[in-house]
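Novice: Each residue of the sequence shown is one higher than the one before, starting from 417 at the first, in this note's numbering. In this text, a Cβ means the ideal position worked out from N, Cα and C, and glycines have one as well.
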Amino acid sequence: MKCSAVITIPARLASQRLPNKMLLAETGRTLIEHTWRNASKVSKAIDVFVITDSDLIRQEVQRFGGKPILTSPDATSGTARIVEALPSLPDADIVVNLQGDEPELVPSAIDAALTCLEEYPKAHVATLVTPIREKAALHDPSVVKAELTPWASESTPQENGLHPKAWRAITFSRAAVPAAREWHDSLLTKTPPLFWQHVGVYAYKRAVLENWSCLPESPLAELESLEQLRLIEAGTSMIAVAIDQAARGIDTAADYSAFVERFCNHSSKAQN
417 MKCSAVITIP ARLASQRLPN KMLLAETGRT LIEHTWRNAS KVSKAIDVFV ITDSDLIRQE
477 VQRFGGKPIL TSPDATSGTA RIVEALPSLP DADIVVNLQG DEPELVPSAI DAALTCLEEY
537 PKAHVATLVT PIREKAALHD PSVVKAELTP WASESTPQEN GLHPKAWRAI TFSRAAVPAA
597 REWHDSLLTK TPPLFWQHVG VYAYKRAVLE NWSCLPESPL AELESLEQLR LIEAGTSMIA
657 VAIDQAARGI DTAADYSAFV ERFCNHSSKA QN
């Protein structure tokens, strides 16, 4: 079943670790423009919107030709901001939540999530995961882990070897899940992988967002500061698509400096 999709990019200035990061422009473009340009390459999306409570971001998005939607400053999360903006969005079947600080996420990964929702109609939300192959990442609370099981109807191997093609999300945690009773480093090399990092991109069927305010509050979501647990506890079917590696999000000044260096190196090679 072919579905229509729009991409939304929640963006705010009040970042704790890197204030005003959306408007940083050492590359000649602001961070939000980089993310918007990348999102515009997603072939399955009919449009891209930046959703913000900042008039400065709104003005910047208008400057580079994007479509901003201004919301109140009361939203507690990016998803809540999207829910507030929902009446202003086109009547698409699927709404993608792409964070404004993800300028390097491969567009084909979002296309894969959208394809998954088309091919698996019983799924309500699609998200992305990538294998964890290092013990340090497994035990790093800033790396969100996804505990997965193969989607029940899936039997076809995926071309990249991360069989199966689609996974059902059981839960998410900042802790190391699943927990091995007896640890062996070889567990990190298994195929299919046992440990997965969650890549925080969501493709929601529109009805999920329309009913967002009806979802019960989740003590686990609050404890771990992971809003997707609210969906899991409510019984929402979430399908996960494996990608080769996570994009580098921009959370700190060091992250941004590294991004600027990569961008400049890439631009220099493209000119030679």
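1) Considering only the beta carbon of each residue, do Pro547 and Gln613 sit closer than 9 angstroms?
2) At the level of alpha carbons, what is the spacing between Trp452 and Leu544?
3) Note the first and the last residue of the continuous beta strand (DSSP E) segment covering Asp463.
4) Below 8 angstroms, can you find three or more Cβ-Cβ pairs linking the stretch 519-537 to the stretch 449-463?
5) Let me make sure I understand the geometry here. Which of Leu604, Ala596, Glu550 and His540 has the alpha-carbon closest to that of Arg584?
6) Note down the Cα distance separating Asp671 from Leu533, rounded to an integer number of angstroms.
7) Which partner residues does Ala656 have in the DSSP bridge list?
8) Can at least three beta-carbon pairs, one atom from the stretch 553-561 and one from the stretch 649-656, be found at a separation below 8 angstroms?
9) DSSP three-state label for Tyr536, please.
10) Please state whether DSSP places Ser424 in a helix, a strand or coil.
11) Among Arg590, Ala568 and Ala592, which residue has its Cα nearest to the Cα of Lys581?
12) Closer than 6 angstroms by C-beta to Leu631: which residues in its own chain qualify, once you throw out the five before and the five after it? Chain order, please.
13) In chain order, what residues of the same chain lie with their CB nearer than 6 angstroms to the CB of Glu401, ignoring the 5 residues before and after it?
14) What span of residues does the beta strand (DSSP E) with Glu563 cover, start to end?
15) Just to confirm before moving on: does the CB-CB distance between Ile423 and Val512 stay below 9 angstroms?
16) Provide the residue span of the beta strand (DSSP E) that contains Ile510, from first to last.
17) Using only the alpha-carbon positions, how far apart do Phe611 and Arg479 sit?
18) Among Ser431, Leu447 and Pro435, whose alpha-carbon lies nearest the alpha-carbon of Val676?
19) Looking only at its chain, what residues have a beta carbon closer than 7 angstroms to the beta carbon of Met438, apart from the 5 residues adjacent to it on each side?
20) In whole angstroms, give me the CA-to-CA distance for Leu554 and Ala501.
Specialist: Well, looking at it:
1) yes
2) 19 angstroms
3) Ala461 to Thr468
4) yes
5) His540
6) 32 angstroms
7) Thr543 and Trp583
8) no
9) coil
10) According to the sequence displayed, residue 424 carries Thr and not Ser. Three-state result, Thr424: strand.
11) Ala568
12) Arg646 and Ala650
13) For residue 401 there is no data in the structure shown, the boundaries of the chain being 417 and 688.
14) Lys561 to Pro566
15) yes
16) Ile510 to Asn513
17) 42 angstroms
18) Leu447
19) Ala427, Leu429, Thr446, Leu447, Ile448, Ile473 and Gly516
20) 35 angstroms
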